[in-house]
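Protein chains: 2
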Amino acid sequence: MKNVYVASAGLAKFGRRDGSLFELALEAVTNMQSPELMEKVDAVYFGNMSGEKFTNISNLSSSIADHIGLSGLPALRVESGSSSGAGVFQAGFLAVASGCYERVLVLASEKMTHLSTADTTGILSEVIDPVERRHGCTMTALAAMVTRRYMHDHGLTPDDLALVAVKNHDNGLLNPYAHFQKKIDLETVRNSRLIATPLRLFDCSPISDGAAAMILTSKPANVRITGIGHGTEHVAVQFRNSLTSFEATHRAAAMAYKMSGRKPDQIDIAEVHDAFTSFEIIDTEDLGFFAPGQGFKALLNGVTKLDGELPVNPSGGLKARGHPVGVSGLAQVVELVWQLFGDAGRRQVHGVKIGLSQSIGGLASNNLVNILEVV
Amino acid sequence: MKNVYVASAGLAKFGRRDGSLFELALEAVTNMQSPELMEKVDAVYFGNMSGEKFTNISNLSSSIADHIGLSGLPALRVESGSSSGAGVFQAGFLAVASGCYERVLVLASEKMTHLSTADTTGILSEVIDPVERRHGCTMTALAAMVTRRYMHDHGLTPDDLALVAVKNHDNGLLNPYAHFQKKIDLETVRNSRLIATPLRLFDCSPISDGAAAMILTSKPANVRITGIGHGTEHVAVQFRNSLTSFEATHRAAAMAYKMSGRKPDQIDIAEVHDAFTSFEIIDTEDLGFFAPGQGFKALLNGVTKLDGELPVNPSGGLKARGHPVGVSGLAQVVELVWQLFGDAGRRQVHGVKIGLSQSIGGLASNNLVNILEVV
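Right, here's the structure in full:
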């Protein structure tokens, strides 16, 4: 397997955007540290979750190549639900690792905010097992059930959860690409409306537009991808062994740690899938950073803050950077690359050598983990 | 790059099927020559074009792994419009070629016939450039324009075109997995209704349900994948240099011939994308089998018949085997594998050593070429 490096990475500004899926993608490409490298790529890998549903356009990979001026090149779309951004990153990695392509553009884009929240929620709920959907499950309802079970088992309180949102908004405040650059406090979360008990509005990531871009290459560069991991789990939540731990993350993490030769205690910084505040806590346990039931205690102790021992979601996470569903998994890696390059501006964590990202597809049925290191 | 072999291949019966997308996929897996190999795969690659639109289920790769008993493994969906089956084949190829996975299941499934023809046509037309769509273009309308231009330039007649359908129905008659196992003659085509002048019903591939499955491995087996190629072209037809030749095929073919070290005259058998009868003729020219404007003369001379010098679409092609859009590109490779294994039953072409498949995404905006050889 060839070594694979990241040569450049960029984001479009996340938020409620006027531009199309394609314009956002072009903005992300243009915002890369070295946009001129785009002229030297051999192929385009495009990540997107439900673009056909959100925009009524299909064959998106051909159109994306067209819109960014790369028509002619191989262009392929990759999808794994809300982890599509991580899925396309790994597909691009494998394409370069194989030696077939020397340099590929990995790109993800999603446009969601032009639809009503009801329509978007309907489309997003199509990841849920049809039987559970028929019984009224939405993503938030299932996440609420997971959260209640964790509270029951481990003594987590709603205020503990709220601290995830407060921390991630603190980080997002330092990220010019974040959907929200707004400080919040415990009262903000406490006073926000209930979505599905115990999850309040500020426990949930927003619906966002956004795009991310990255150039992967077998030519040595500053950051190397040392591990990728991927795992799935029964789509129907009723068939799972645990509600408070995601088997698909365990599988993905085991594979990525094995490939990289790294262990959880060697990770300097992590971007994890905080679609809901409770998920960040569960993720940090599933990744082996903290023992089961101990993740929220680490949060309370400040371990996962920007100046803590293991900063988690320095970008602001899905909560504050925003969650354009098919993009988040790649945006996480962009944040790692910037942190490892020393290009993370006011939220730069010093001395970062090894970063990890973890992305969740569906209700944790299709999860991916990536490990990147300074060369 | 590691050598990649095909260890086993299977199809579900194509046609109007009652089963779900998932049941069809399981049928294809079960019908592989060595279904027991499924227990040894490291990952699942799933090809599908517009499953979200056709079935209102998303996160399809997780669900497909679940339904075939492989939940837990990495599972990723790949899409490139109507060439998704070829796209997923190449993604699986690269995953094994990289050395990351030793054995992967490549799978494609599509369920379309439960919708009305109007609904399906609407969904399929979403691959067309939005401006051209707004002016009334459907896939068939654009294909008709391409066909008329070819007629104007090269003197092709409607009866010549009809012979593509007659030949492919002759082949489909010998394929128990084909949607149509029905002999037709020139009169059948002549008497069928006009869809878009000059294309009649029998010039168009049908709407079908179907699935295909294949195991790719770096462990030596009888058939090796020696070349893959992929290219795109402007989605808007108005921006193209030619209507009667597809640039994306030229690019894909050049890449696949270069990788394999083969030339067009070394190919023993080919499966090409005959979504419309005229496309088969154009494809055989774009692939370098015949000079521009000469493809239909080769057809008239019987060169591309099952007992001709270069059998084209021995399976019956999209026309007779059927066209479940996200599956056809992989079903083509299944036919090559069977022919190369000597497992093609009554339509076995003798002495086949090198086979080529060519698949078209959208209106020829995302095309792929694969070359497979007996080891």
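Residue numbers (my numbering), protein chains in the order written: chain A, 16 to 390; chain B, 16 to 390.
Even glycine gets a Cβ: it sits at the ideal position worked out from N, Cα and C.
Bear in mind that the values here come from a model prediction, so they are computed numbers and not experimental data.
query: Proximal chain A residues relative to G377(B), where beta-carbon distance stays under 7 Å; result: N74 and S77
query: Residue interval of the alpha helix (DSSP H) (run including G310(A)); result: G310 to L315
query: Residue environment, T292(B), which counts as buried when at least 16 other CB atoms sit within 10 Å; result: buried
query: Cross-chain neighbours of L91(B) in chain A, by beta carbon under 7 Å; result: V93, S95, G102 and A106
query: Neighbour-count burial assignment, R32(B), 16 or more Cβ in a 10 Å radius; result: buried
query: Exposure of P235(A), with buried meaning 16 or more beta-carbon neighbours within 10 Å; result: exposed
query: Cβ neighbour criterion (16 or more within 10 Å) applied to E51(A); result: exposed
query: Within chain A, the residues that N381(B) reaches when beta carbons sit closer than 7 Å; result: N74, S76, S77 and A90
query: L176(A) beta carbon less than 7 Å from that of L224(A); result: Per the sequence shown, the amino acid found at residue 224(A) is Asp instead of Leu. No, the pair does not count as a contact, with Cβ atoms beyond the cut-off.
query: Short-range partners of chain C found in the region 222–243 of chain B, where Cβ spacing is below 9 Å; result: No chain C is present in this structure, whose protein chains are A and B.
query: Nearest candidate by alpha-carbon position, reference S397(B), set S98(B), K28(B) and A22(B); result: For chain B, the structure presents residues 16 to 390; residue 397(B) sits outside this window and is missing.
query: Beta-carbon proximity of V384(B) to A271(B), cut-off 7 Å; result: yes
query: Alpha helix (DSSP H) segment containing N186(A), residue limits; result: P173 to G187
query: Nearest residue (CA-CA) to T70(B), options P145(A), A101(A) and Q347(A); result: P145(A)
query: Pairwise C-alpha distance: G370(B) and Q373(A); result: 41 Å
query: In DSSP terms, what S15(A) is bridged to; result: What the structure shows of chain A is the stretch from 16 to 390, and residue 15(A) is not part of that stretch, so it cannot be assessed.
query: Member of P326(B), G308(B), M16(B) and N206(B) whose CA lies at the smallest distance from the CA of L351(B); result: P326(B)
query: Within chain A, partners of R266(B) - CB distance below 7 Å; result: G87
query: Buried versus exposed, by CB contacts within 10 Å (16 or more), Q354(B); result: buried
query: Cβ of H129(B) within 7 Å of any chain A Cβ; result: no
query: Test: A80(A) CB closer than 7 Å to a CB of chain B; result: yes
query: Member of N18(A), L378(A) and Q309(A) whose CA lies at the smallest distance from the CA of G170(A); result: Q309(A)
query: Range of the contiguous beta strand (DSSP E) that encloses E125(A); result: R118 to E125
query: Uninterrupted beta strand (DSSP E) stretches inside the region 48–89 of chain B (no shorter than 3 residues); result: 58–62
query: Member of L314(A), Q253(A), V342(A) and M154(A) whose CA lies at the smallest distance from the CA of G137(A); result: M154(A)
query: Euclidean distance between Cα positions of E248(A) and V21(A); result: 29 Å
query: Bridge partner(s) assigned by DSSP for Y20(B); result: T232(B) and R239(B)
query: For A27(A), three-class secondary structure by DSSP; result: coil
query: Residues of its chain near K17(A), where Cβ-Cβ distance is below 8 Å and the 5 sequence neighbours each way are ignored; result: V111, A112, S113, G114 and S233
query: Chain A contact residues for E67(B), given Cβ-Cβ distances below 7 Å; result: S65, E67, K68 and E141
query: CA nearest to the CA of G337(B), picked from N74(B), G187(B) and V93(B); result: G187(B)
query: S35(B) versus K126(B): straight-line alpha-carbon distance, rounded; result: 7 Å
query: Where the region 112–127 of chain A meets chain B: residues whose CB sits under 7 Å from a CB there; result: A112, S113, G114 and C115
query: Test: V349(B) CB closer than 7 Å to a CB of chain A; result: no
query: Collapsed DSSP secondary structure at R92(B) in the structure displayed; result: strand
query: Which listed residue (N381(B), E324(B) and H365(B)) has its alpha carbon closest to that of S77(A); result: N381(B)
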